[in-house]
Structures are given as structure tokens and as C-alpha cells.
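Chains as they are written, first to last, in my numbering: chain G, 1 to 640; chain H, 1001 to 1640.
Even for Gly, the Cβ is constructed at its ideal location relative to N, Cα and C.
Please read these numbers as outputs of a predicted model, since none were measured by experiment.
Taking it in order: structure first as C-alpha cells, then the write-up.
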């Protein structure tokens, strides 16, 4: 590894380390240092944060999900759990070579294609519970700011115009005392990555140095029908390069907050080189500083079934395709079960693991709710005995452990692990004591709920604002309608059965209501005990799960029915056979035998040959005859 | 003011004041110091908190609302906003003289009365969005702990048994080096308050000093029918005194957390003397310490229309009565618009003010939602111009100001004021620019929503736990719960009736479900048609309307019943009368008449005068006789 540029801790109010440990306990993995460092915002509690948004040229895929769900968790933690005053700006790259190419291919106007995929991206993010940023910068809305930014770089002598395009001058930049390659010095000169960063419509021979990169791209005329959108500039018609967009937009939209500097810059690890490296060069050149961003946070790679996701490997997976198989919550669990900066694999194993963890919590909430209903809310015993004390101490231990995990570079997998330990402790508490304090159980459940809401696992109110209706109103009626419809019908059927004096039918209605009707509404009803001592509980459940359960039960029932039928059939066959007198048993076999013993009816001559049957055959027939005689005699006796 | 006992700052990790300002910025008004002091929990982030709950002998009133809503706001702030690890214990005083007296008056078992009002209190709290405590201690569940606590005070020589009761010895306590009267030294010796604290069933002449107070009350026999519930103890049958309950229960339930000490003790200002003063004496005596509770927080007085609420002034107001006029949210706004420790007036003016503030925010959320709908979500312009910059800077300013207000002894009125300024700024932004960034507007609205949820102003999810379903969630479950509970019960009852072969009972269940159960949930079920051809429909309706309807129906039914009974009675009287032969009808009237006709039995002479009856009287009697003869003859004919 090449040596890294020395990073300096942002100056805190007080520099003694033991004090810093108390006032700024959060440690983050900074890509600039490649080790965990103390997080200190430049201006008290304010966190000025920029992160790279998507280029909207296609459906958003699991790589986006991984990046934005993870970063959303980090932001929720900083904002809602650690209490920082976060201001997050995220861009939408809606001017880009890939968009130009695809809109030409599809013959859709450039702006329309970008708008369509932007809308899809935002919808997918909302589905995944990713909160909107505080500021959303579309490149198309910042072209004047970008042009001014480029001009300032030219004015500073670290960019040059060449043939209608403008390039960043890495040589001149270094000569001004700046350092190029702070994030990934080992990648400097990686021409393949550099070229990818320049965009496929950019084949430039106008650069002074191979390491230079484009800031402004002159509009070209293509013979294959590709039409490049363009904006006027001091250098002629053209459009912004990719890297300059983020520098100029964050510099513009966040200037009033960070004075041109950032506390956090985040993005996928793929963007480190050249995109983020070049952003640093542009911004430090523009601001004339040497620590534009104090903390660079990078999310880890996403693999699909063990390989990097790519269209050529046919393992490209859109968010919508994944959402057909798994729920948003399950995908969020997958992300939380990986550290944001670890590689993450989306495959059957990891998803099964995520679903299993989810199931632990689902079961837990069901258990608690059922327990509380059974014990009539909080009217039962609330005395804090040793069981309650143990659970409350476990709660405190877990709160502390979760807190420490979060402070250790947002270690969400550890935090989820601690929460599931707590949940197991709760389950044990109820199992061993059916007189356990429900207030204490609720205290624990509310903490778990609170953390899950904070983590975005409980997403009901993502981006929802304002009051909820007090009376419930139309929503209430809407929600109650299916349930009230089925009760009404159930009551009708029960009454008819009772009017007809058919108590058996009343019970059948009650069974059908439980087995067929309620599951369709996502309600599992369970009768515990038997006869008149049955106690019934209900739980909310995904109708799909209930349907599957019923299908399995139905299948098992049918299999049993089939077995029973087969057994019955065999029994009947045996009975029919027993009715045949041994003398008659071979009567119909004239196709095999030509002569039969006049008394016993046993075949004596083979039909095909006309000869007497062989000794062994004769013996076999004799044996069968004896057996039939025995069966027949028994049947005769039974019939008397 | 008498001089206060010197209070000592809990020892922090580091004692330099400028560091403390950063690590422990929260200042609270401590009743022990009567000035704002820095809040420092004894054990890092853990806050061990006890607060006095209600005595459940009557409906909870606005004084309870004021205390518990305000303390709920403080707890939410400490837990959800400042990130403290709060463990809150609140008691239910279900053994008390007032409960004993009222249950005797009403002839309801003591436990039932307490359980009923406990349930009502908890329901009222839930309606007001007050979260349940982490631990709820009912006195009736802690009698053994209380006895052990009293015994330890006796063992320490600061309590004595006298005539089957036990008293706290204030003299001996002082001689041990303790100080009695840390909260309100000026009230020491206030015999009226002291007596009130002892309870109206306690007339004790067994105390050594007038300032002593009762820890254990011997059971007395009352001649007026009042029955005192009792528990066995080393001093004979008796029950706990009021003050000892809180010391013993907090000491027991929270011991594993605070090691017998508390960070916060809260309660209404009325409880300062003698209740809290005596708690301090008991607990510091028991723990042998001199700062049992580091921070005493007291909520301010509640006045109704300018006067202290009292039954004699006829301005006593239950929470339910207030909720008939105002919503829970409006009452919470009223509380937030007063500092928790300021006096609060509930009158037309203050409620109008609360409603007006609420209206500002309601209008604001409507405006924002309408604007966002109009501009098609976030698809419109998102460029951060000077308007957006101004609003984002206002947001940051308000965040900071709200934060500082909260740190200044939970100054919620100031915080609400800043939030309404922010909202006005938003309204101005939209009015002046119909191309304003909706992402920026949402960022502001989400902060307001977040703070309102934290303050308990948006209460949809108060005490709700667990996952929300994709389709609508915890709210859905919450809404469905009452309906599903009654269906479950209905189905249980119907099944039991059917198992018993009692079809008539099945029909009765169906009727009760329609007439008694569903109306309470605001559901009107109507059976149209008759017999097996009944078609049933349901409608949502205000439960109050349904209750009134049922009351009217019930009344009509009863009136009809009364008429029928009266008619029956008259019929019977007539029948009885018809059985009397006309010759016998005047027989019993010897107090009026002295002589009767020997054949007809009609009176001939007046008793008082001894003279023959007047002609007119004779005529009248003759007429009655004829009429009776007719009736009697008819009866005779019918009887044949």
C-alpha cells in the first residue's frame, strides 16, 4: 500500500483524549486513514453530508439497495439515535453518457428517460424505507453552477480548455502544493478505471497528461444517430463531466452550511477511484484547502450468489425483481446483518438467514401480544420478582451493548445480535412464568420497537408527516370492513344453523370461520384446549403464510384420505374374494386352462399345450385353492 | 425561606466546568436546591427514576392529566431525544384510607373498587398518550416488602411500635445525624398538612412527637360499618401508611439499578410536604445516606378557571369530562405550552390558546401536503435557491434553539414557539414561490413531525409495539384488536352453546353480540327479515349514539313492561273483586257503619252519628251494590 496523506483530526473544543472519548464516542472507518478514527463534526452537532446518488439510465438494482439502505441506516443512527443535526445532500445524475446512449437506443427523449428512471429509483427507495435526503441535486438543475465551478478551476490554473472541452490538470494541481490520490494512491494511473470514469462517449486525445480528466465535454456529432444534449458555455456547446457534478453541486447546495467543506462524503466502494479521487482534487483545488471532506465512508461490494453483479454474468438483479421474492423488510434485515462497509452477498443462504432473523422477531412480537391479551393487558400481576429483575437487567445490558456496537463504526450486525438475545430472554421469561409482569415485557418490547423504527425496519412512517387522525375516520372503516363483513356472514350462518336446530352445523361454521375465512384476512385463530374449555387466541399474520400453512395441512389431510381409501379398497377386495367358493375360483380361467378337476375346480390341463399342467404349477394351484378354502370357510362362518 | 440543606453535585467523570457543560448540558430545577442545577446521572447514561402514581379511589381528574402528561413529556425527552437510558417506576396506591371509605360507602369490595379506578386511570393515560412506566408497583403487591422495610427502620432505632401501629421517630432520626425537612423546611410542624398525610381513618394519640408519622396502621373496628382490610405483621393486623409505600416500593423494585438510590424522584407539587419529605426521611434512614434522590422534580399546580380544583368549589373536572370537550392532543398542547413546573390554568382562554396553536400546525401540515400533491411529489424543481437556503438555515437555527430550550429545564413552551416560527417560515416560502423544492419542505416537515412524535403530540403509536404490516401496520392491528377480541369471544360462546346442544343459547349469543357487544365498538348491526331469511348489515356509528339508542329502547321496553304489569294488576284486582257476593261487599266497613240490611248487607246506619245514612248516601250504596251484583253474576256464570 502506498503511504497515505496525513489526515488531521478536526479540532474539537478540548483536546484531551479522555474528554474526547466522552464527548465524541463515535468511531468511524475513514477511507482516508483506512482505520477507525474519532468522529468530530467541524461545527458542534452539525453534520454536513454529501453522498453520490444514482445515474438514472436504467432500473435500480440490488447494488443501489445495498448502498442506499446501508447509508440510510447510518443517517438514521446519526440523526435519530445519536442526535446529530444532519444535513444530507444527494444528487441525481441525469446528465451522463449512459443516459444519452440508452435514450438514443430507445428513441425516448433524453430528459424523459432520466425522469422515468429517477421516479422509479425514488419509488424503490421509498419501498425500502430509505428516507429522502434534505437536499436533492439534479445535475440538470445545476449546469450554470457547474460551468462557474469549472471556470474557477481554469482561473486557478489547474484546469485547461482544449478543443472545446475542459480538463483537470493533475500536474499543475500537484505543483500548487496539493496531493492527488489521497484515497487510493495505489490506483493512480489505472487507465482502464480512468477511462470508465470518463464515459464511453468520450474518446479524448486532447489531454495534456494521461492522468488528467474531463470537466466539460464538447458536444460531438455521431454518425450512428446518437444525439448529445448540450448546454452553452464559455467553451462552446457541451455538457459536464461526471466527476465535476458532485464537486460543484455539493459546493453549491451545502455552501451555507459547511462553508464549502464536508463532514461526511459517502458512496459505494466502486466510486473510490477515480470518481471520489477526482472529486477531492476538484474540490480541494476549488476551495484551496487540503481536507475538503473529513470523513469518507464507503459501503461494501454487493455480490450475487458469490459473484460481482453484472449483466454479462446474468446475475443482474433489479430491486423490483428482488421485491417479488422478498419483502422490503427482509432486504433491510440483510443489509443490517452486514456491516455497511463489509462485502455483502445476496444469495439463498444469506437471505434465508435474514428471513430467519426476521422470523425470530415476528414470533417474539406475536408472543408478547398474545401474552398480554391473555393476561388482560396490565391488570394482572406487576410485581417485580427475580424474573422481572433479570429481564430488566438484560434490557439494560443490551441497551449498553447495542450503544457500544453502534459507536464502533455502526456495527449493526452486532446490534441486531444483541436485540435477538434480548428477545430470547423475553421468550424464556414468559415460558417459565405465566404470571410475568406485562408492564416489564412491554418496556422491553417498546425498546426493540423503538430501535427497529430507528433502524428503518419498522417503516410505516417513513417520510410520512403530520398528524394521524384521532377518530380514525374513513381509514378505520376501510380497515374494519373486511373483518366486519366476515363476522356478519359468520353470525348469519350460525343463526340459520341454530334456527334449524343443527348444533353440529354451528360447530362446522366455527371451524370454517377459523380455517377458511379469517386466514384470508391475515388472522390466525387458535383454539387451545378442548370442548367447552377451549380458550381461543388470535394473531395477525401474513395471509400468504397462512395460505401456505393451510395448503400443507390440506395436503397432509388428502394424503391421509388417500391412504384410508386405498386401505378401504383393499379391504373390500379381500371381502369380495372371500365370497368365492374355492371350487369356483378358477372357473373364469379358460384362457389359461382347458380342463378342471370336476370336484375341486382346480385346473388340470394347460390350454396352450393341451398337456396336463406341470407338477410345480399343480402344487401352486393346490396351495392357492387351500388358502381360498380357508378364507371362504371363515367368511361362511362369519356370515352365519 | 429557611436555609436549605447543602446539596452536592453527583460526581462526574471529570470535574472541570467547561467540560461538564459539554458532556452534561441539561439543567434542571431541583426542588432540593430551588434553582437550576446540572443534571448528572450517578451511573453514566442510566437514569433511575421513581414517581408517585395515583391513589385509585375515584375518577382521574385534570390534576392527574397535568402531572402525568408533563412528566411523560420529560421522560420522552430524556429517553428519545437526549438518549438517556431511563428506567421509570411508578406506583399505584391501591391501599389507602380514601379507598377504604369509598368502598364502604358504595358497598363494593375494597379490591374491586381499586381495580376499577386503576383500569380507568390507565385507560385515561393511554388516551392522553402517556406511555406506561417500565415498572408499575401496586402497593397491594408489595406488603411483605413494606413490612420488612418498616422492620429495618425499627431495627435502626428510628421507628417505634406503639399500640399495634408503627411510627417514624423524627427526633431519633435527627439524633442519628440525618436532617428532616430538606425539601420544605418551612413546613415542618404544619399539623394540618401532616394530618392530611396520615389519612382520615387515622386518629393516633400513640405518637411520641407531634412530627412523627405513621408507617404501619393497626386495623381498627368501626361502628359505622367501615371495614378496614388488613395484613398480618409482626405488630398485629394492619396496613401500610401512605408515605412508607413509595420508599419501600422504589427501594425494592429499583434496588438492582440504583443500589437503593434514585437519580430522579418526580411528582406533583402538592406532594412535597409531608409526603416527599417523609419519603426522604424513611429512605435516607433506611439506606443510611444523605442524598437518597439527587434530583427532585415537581410539576406545577393545576387551576380550573383560576381557582384550585376542588369538589367544594364545583370546579372538579375528570379527564373524561374534559375529553368530551377537547381532544387528547389539545390537552397535551396545553401541557406543553406550560413549563412542567409552572402553574397551569385550564380555562376557556388557555384552551383556546392551545387550540389555536394546534390549528397553526394542522394548517401547516395541510398546506405542505397540498403543495406536494400539487407539485407531483418530488418530480418538480429541487434546485436549492436563496429561498430554500433561507428555509434550511431557519431549520438549523430552530433545531438549535429547540435543543437549547429543552436543555434549559425542559422549556417546552419555548420549543413549541420556535417550531411555530419555523412553520410560519415554511408557509411564507410556499406563498412566495410556487416552484419551491418539495424535498426541502419535506425535510422541515419531517423534523416537526419527529419532534411532535417525540413530544407525544403525534400519538398514533403510543405504547404500540412490533412490526407494521406493509398494508397499514401497527395501526391496523390496533384498530382491529377490539373487534377481533369480541369475535373471538362470540365464537367461543357460540361453540360452547353448540357443544351443549343448546340452539336457543346460540341465538341468544347472536342477539347479545348485536345488542350489547358491537354497539360498544361503534358498530350497528341490523337483522332485516326474519327466521332463516334474515339478511344482516353493519354500519359504523358513534358508540355514544348507539348507547343512547339502546337506552331509549330499553326505556321504551321498560315503560311497556310497566304498563303491562299495571294492566295485569288491575285485571287481577277486578277478578278478585268479582268473586265477592254483593251481600258481603260492605261487611268489613264496621268502622263507618253500625247497622246493615240483613238481606242485602247494604249499610243502613252511620257509625259516628248512630243515625240512618242520608238518602244520597243510601242511593250511592245501592248503586254500588247493583253494580257488584252484575259483576258477581257474570263471574258466577263464567266459573260454571
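Do residue j and residue i count as a contact pair if the criterion is CB distance below 8 Å?
{"i": "residue 1081(H)", "j": "residue 1041(H)", "result": "no"}
{"i": "residue 488(G)", "j": "residue 1488(H)", "result": "no"}
{"i": "residue 1126(H)", "j": "residue 1094(H)", "result": "no"}
{"i": "residue 1503(H)", "j": "residue 531(G)", "result": "no"}
{"i": "residue 1331(H)", "j": "residue 1518(H)", "result": "no"}
{"i": "residue 319(G)", "j": "residue 65(G)", "result": "yes"}
{"i": "residue 1644(H)", "j": "residue 1302(H)", "result": "What is shown of chain H runs 1001 to 1640, which leaves residue 1644(H) out entirely."}
{"i": "residue 217(G)", "j": "residue 165(G)", "result": "yes"}
{"i": "residue 1229(H)", "j": "residue 1110(H)", "result": "yes"}
{"i": "residue 371(G)", "j": "residue 432(G)", "result": "no"}
{"i": "residue 393(G)", "j": "residue 276(G)", "result": "no"}
{"i": "residue 1207(H)", "j": "residue 1167(H)", "result": "yes"}
{"i": "residue 1146(H)", "j": "residue 1058(H)", "result": "no"}
For residue i, name the three-state secondary structure that DSSP assigns.
{"i": "residue 474(G)", "result": "Low confidence applies here, because residue 474(G) scores a pLDDT of 40, under 50, leaving its location unreliable; read the following figure in that light. Note: residue 474(G) maps to helix in three-state DSSP."}
{"i": "residue 26(G)", "result": "coil"}
{"i": "residue 190(G)", "result": "coil"}
{"i": "residue 512(G)", "result": "helix"}
{"i": "residue 468(G)", "result": "Bear in mind that a pLDDT of 44 at residue 468(G), under 50, signals an unreliable position, so the number given afterwards is only what the model happens to contain. Coil."}
{"i": "residue 34(G)", "result": "coil"}
{"i": "residue 1007(H)", "result": "coil"}
{"i": "residue 183(G)", "result": "coil"}
{"i": "residue 462(G)", "result": "Summary for residue 462(G): the model assigns pLDDT 42, below 50, so the residue's position carries little reliability, and this model does not support an answer."}
Using the rule of at least 16 other Cβ atoms within 10 Å of the residue's Cβ for burial, across every protein chain shown, is residue i buried or exposed?
{"i": "residue 1003(H)", "result": "exposed"}
{"i": "residue 141(G)", "result": "buried"}
{"i": "residue 1592(H)", "result": "exposed"}
{"i": "residue 116(G)", "result": "exposed"}
{"i": "residue 1246(H)", "result": "buried"}
{"i": "residue 211(G)", "result": "buried"}
{"i": "residue 91(G)", "result": "buried"}
{"i": "residue 240(G)", "result": "buried"}
{"i": "residue 562(G)", "result": "exposed"}
{"i": "residue 1030(H)", "result": "buried"}
{"i": "residue 1306(H)", "result": "exposed"}
{"i": "residue 289(G)", "result": "exposed"}
{"i": "residue 1471(H)", "result": "Its pLDDT being 34, under 50, residue 1471(H) is placed unreliably by the model, and the measurement read from it follows with that caveat. Per the 10 Å Cβ criterion, exposed."}
{"i": "residue 1545(H)", "result": "exposed"}
Could you please give me the residues that DSSP links to residue i through a beta bridge?
{"i": "residue 1046(H)", "result": "1043(H) and 1085(H)"}
{"i": "residue 1540(H)", "result": "1523(H)"}
{"i": "residue 296(G)", "result": "265(G)"}
{"i": "residue 1159(H)", "result": "1168(H)"}
{"i": "residue 347(G)", "result": "Its beta-bridge partners do not exist; DSSP assigns none."}
{"i": "residue 216(G)", "result": "166(G) and 240(G)"}
{"i": "residue 1060(H)", "result": "BP columns for residue 1060(H) are empty, so no partner."}
{"i": "residue 55(G)", "result": "93(G)"}
{"i": "residue 1596(H)", "result": "1603(H)"}
Item to check | Cβ contact check for the region 272–287 of chain G and the region 308–322 of chain G: 3 or more pairs under 8 Å | outcome: no
Next on the checklist: Contact between the region 294–303 of chain G and the region 194–211 of chain G is defined here as three or more beta-carbon pairs at a separation below 8 Å; is this criterion met?
Outcome noted: no
Checklist entry - Within the chosen definition, does the region 416–424 of chain G reach the region 353–362 of chain G through at least 3 CB pairs nearer than 8 Å? => result yes
Item to check | Cβ contact check for the region 1396–1406 of chain H and the region 1331–1351 of chain H: 3 or more pairs under 8 Å | outcome: no
Item to check | the region 1165–1178 of chain H touching the region 1249–1262 of chain H, judged by at least three CB pairs closer than 8 Å | outcome: no
Checklist entry - Three or more beta-carbon pairs under 8 Å between the region 1365–1378 of chain H and the region 1424–1433 of chain H, yes or no? => result yes
Item to check | Cβ contact (3+ pairs, closer than 8 Å) linking the region 1124–1138 of chain H and the region 1174–1182 of chain H | outcome: no
Checklist entry - Should the region 220–234 of chain G be called in touch with the region 22–38 of chain G, which here means at least 3 C-beta pairs below 8 Å? => result no
Item to check | contact_flag[the region 1582–1601 of chain H, the region 1566–1574 of chain H] where n(CB pairs < 8 Å) is 3 or more | outcome: no
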